[in-house]
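Colleague: This is the structure I have questions about; it appears just below.
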Amino acid sequence: MNAERKIWRDDDGKTLGYIKNHRTLTHVVIRNAGHMVPHDRPEVSQAMLETWVESTRKGDDRMAAAAAAAAAQGARALAMPTAGGAADVAAS
């Protein structure tokens with residue numbers, strides 16, 4: 510995916526993960542989570558899913574859902590992240 514990567518932050522400025530959008534595909538990377546994201550980062554995975562579900566109820570597309578999630582968390586566009594534990598989660 511050749512799309513801008515945005516940092517997803519909480520209200521305190523802590524990095525939760527990263528979001529990339531391209532057409533109808535949204536790619537979310539949740540930091541400090543293995544392949545069992547809900548087990549490793551339950552609050553972050555719940556916030557991601559609730560934001561996506563709420564946006565689909567309103568008729569928004571997935572791209573808008575990820576943008577809304579990023580905006581709700583004060584996401585900012587930055588360079589690629591440094592190495593660290595992360596799990597990739599894709600929604601199409």
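Under our numbering, the first residue of the sequence shown carries the number 510, and numbering increases by one thereafter.
Every residue gets a Cβ at the ideal spot worked out from N, C-alpha and C, and that includes glycine.
Every value quoted in this text rests on a predicted model; they were computed, and no experiment measured them.
Can you tell me whether DSSP reads residue 518 as helix, strand or coil?
Modeller: strand
Colleague: How would you label residue 522, buried or exposed, when you count the other beta carbons within 10 angstroms and need 16 or more for buried?
Modeller: exposed
Colleague: Return yes when the Cβ of residue 525 is within less than 8 Å of the Cβ of residue 539, no when it is not.
Modeller: yes
Colleague: Consult DSSP for residue 566 and reduce its assignment to one of helix, strand or coil.
Modeller: helix
Colleague: Taking 7 Å as the line, does the beta carbon of residue 540 fall inside it for any heavy atom of the ligand GDP?
Modeller: Here there are no bound small molecules, and the ligand GDP is not part of this structure.
Colleague: Less than 8 Å separating the beta-carbons of residue 542 and residue 549?
Modeller: Contact: yes.
Colleague: Grab the span of the alpha helix (DSSP H) containing residue 612 for me, first residue to last.
Modeller: Here the chain has residues from 510 to 601 only, and residue 612 is not among them.
Colleague: Just tell me which of 552, 547, 512, 533 has its CA closest to the CA of residue 565.
Modeller: Residue 565 has its Cα closest to that of 533, out of 552, 547, 512, 533.
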